[in-house]
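Working notes for the structure below.
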Amino acid sequence: MTNSPETTMTIEDRIEEAREAAHQAGEQFGKNSPEFAVAMEILEELHQESGHQRSAQPKNSLERFCSDNPESPECLLYDT
Numbered sequence: 011m012t013n014s015p016e017t018t019m020t021i022e023d024r025i026e027e028a029r030e031a032a033h034q035a036g037e038q039f040g041k042n043s044p045e046f047a048v049a050m051e052i053l054e055e056l057h058q059e060s061g062h063q064r065s066a067q068p069k070n071s072l073e074r075f076c077s078d079n080p081e082s083p084e085c086l087l088y089d090t
């Protein structure tokens, strides 16, 4: 089974592609056009997905420990 170019693109590659498409749509159809609005919506959704992927990174060992043991001294936060 081979990977198509679309499946091997990173989210950053897709954002760059969408940015270029939005720029082209703005120049070709104008910044008040429906085509430009759609291109900008796609770009915004890709940016949001990128943020979700970053926040979905696996927890490190301390984060896992504190999830299981929130009252442990290592996990307590103190106001100063």
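Count along the sequence shown starting at 1, add 10, and that's the number in this note's numbering. For each residue, glycine too, the CB sits at the ideal point set by N, CA and C.
- Under the three-state reduction of DSSP, Thr20 is assigned to coil, being neither helix nor strand.
- Here Leu53 is buried: its Cβ has 16 or more other Cβ atoms, across all protein chains shown, within 10 Å.
- Contact check for Phe46 against Ala28 fails: the beta carbons are separated by 8 angstroms or more.
- About 7 angstroms separates the Cβ atoms of Lys69 and Ser77, confirming a contact at the 8 angstroms cut-off.
- Counting only the Cα atoms, Thr20 lies some 26 angstroms from Glu37.
- According to the DSSP assignment, Pro44 belongs to the alpha helix (DSSP H) that extends over 44-65.
- Per DSSP, reduced to three states, the secondary structure at Leu72 is helical.
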